[in-house]
Amino acid sequence: MDVIEAIRTRRSIRGFKPDPVPGETLREILDIATRAPSGMNTQPWEITVVTGKTLDNIRQGNLEMLRSAAAANPAVPVRPFEGKYRERQIGVAVQLFQSMGITEEDREKRAGWLQRGFRFFDAPAAFILSADKSVIASMAVFAIGSLSQTICLAALRYGLGTCIEDQGVRFPDVLRKCADIPESHQPVVSIAIGYPDWDFPANQVVSTREPLENVVTWRD
Ligand SMILES: Cc1cc2nc3c(=O)[nH]c(=O)nc-3n(C[C@H](O)[C@H](O)[C@H](O)COP(=O)(O)O)c2cc1C
7 MDVIEAIRTR
17 RSIRGFKPDP
27 VPGETLREIL
37 DIATRAPSGM
47 NTQPWEITVV
57 TGKTLDNIRQ
67 GNLEMLRSAA
77 AANPAVPVRP
87 FEGKYRERQI
97 GVAVQLFQSM
107 GITEEDREKR
117 AGWLQRGFRF
127 FDAPAAFILS
137 ADKSVIASMA
147 VFAIGSLSQT
157 ICLAALRYGL
167 GTCIEDQGVR
177 FPDVLRKCAD
187 IPESHQPVVS
197 IAIGYPDWDF
207 PANQVVSTRE
217 PLENVVTWRD
């Protein structure tokens, strides 16, 4: 698969087959993806690969936090979006809910959908991407973004699907407890990874993009 095809093909996958991903495959993906650029080559990422019992414990811990309405404590604030950003957020949510047959009034199904994200969409593996707290303010989040997209693209080569998700790191204390992430590291984002279940309706969703005219300004 060539790089343009990979960029055009990638989409967020939110339904996975239960098949485990070989550890060697996950290692290869990370070996390739850590070629991602970072400011002054600081490589400000600390990657925790979670599978098996550890991932199950994190899922359970997240759901408990969600049920107890615990305050989220993410590294990057997830502010309510406004204006055109809110419209785009709603746009993809509508696409996802329609694909899953979830109506606006159906509180139970909506809650179920929310929980899926905190369960890493039942993926067999996930990456928790953290940064040392000493570098968090110095473009580390940008570098972790570049690493994230590179992981998602590299994963396609192995027939794997991914979903970058901040839901997975909303409760850092759960990650610290279950995956031994030290206090000195701040989880920034997570990536669910596994073999896509193409029968899962939300995996058919292709999100939209603004026409270039709306986001690019040319100055000659
Ligand atoms: C930083 C970041 C955080 C995200 N967090 C979530 C999340 O918590 N839950 C989710 O379902 N998708 C999440 N996504 C996926 C976005 O919703 C998705 O990338 C966007 O709708 C575009 O769709 P596409 O990835 O299929 O192209 C996140 C993506 C990024 C880049």
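In my numbering, the protein residues as written are 7 to 226.
Backbone N, C-alpha and C fix where the C-beta goes; we use that ideal spot for every residue, glycine too.
Per the DSSP calculation, residue i is bridged to which residue(s)?
| i | result |
| --- | --- |
| residue 35 | Beta-bridge pairing links residue 35 to no other residue. |
| residue 202 | 22 |
Give the DSSP-derived three-state secondary structure of residue i in the structure shown.
| i | result |
| --- | --- |
| residue 22 | strand |
| residue 196 | strand |
| residue 88 | coil |
| residue 178 | helix |
| residue 53 | strand |
| residue 170 | strand |
Whole angstroms is fine: what's the gap from residue i's alpha carbon to residue j's?
| i | j | result |
| --- | --- | --- |
| residue 68 | residue 58 | 16 Å |
| residue 112 | residue 225 | 48 Å |
| residue 76 | residue 180 | 11 Å |
| residue 17 | residue 48 | 28 Å |
| residue 46 | residue 52 | 17 Å |
| residue 88 | residue 136 | 28 Å |
| residue 144 | residue 85 | 20 Å |
| residue 220 | residue 91 | 13 Å |
| residue 171 | residue 201 | 17 Å |
| residue 36 | residue 189 | 23 Å |
| residue 207 | residue 50 | 36 Å |
| residue 186 | residue 192 | 12 Å |
| residue 215 | residue 44 | 26 Å |
| residue 22 | residue 7 | 21 Å |
| residue 55 | residue 30 | 12 Å |
What distance in whole Å lies between the Cβ atoms of residue j and residue i, which are believed to be in contact at a cut-off of 8 Å?
| i | j | result |
| --- | --- | --- |
| residue 20 | residue 169 | 6 Å |
| residue 142 | residue 81 | 6 Å |
| residue 27 | residue 134 | That pair is no contact at about 15 Å. |
| residue 40 | residue 153 | 7 Å |
| residue 13 | residue 159 | 7 Å |
| residue 132 | residue 126 | 5 Å |
Are there any heavy atoms of ligand 2 lying less than 7 Å away from the beta-carbon of residue i, as far as the coordinates show?
| i | result |
| --- | --- |
| residue 199 | The model on display carries ligand 1 but not ligand 2. |
query = Counting only runs that start and end within the region 100-156, where is the beta strand (DSSP E) found for 3 or more residues in a row?
reply = Correct list: 131-138.
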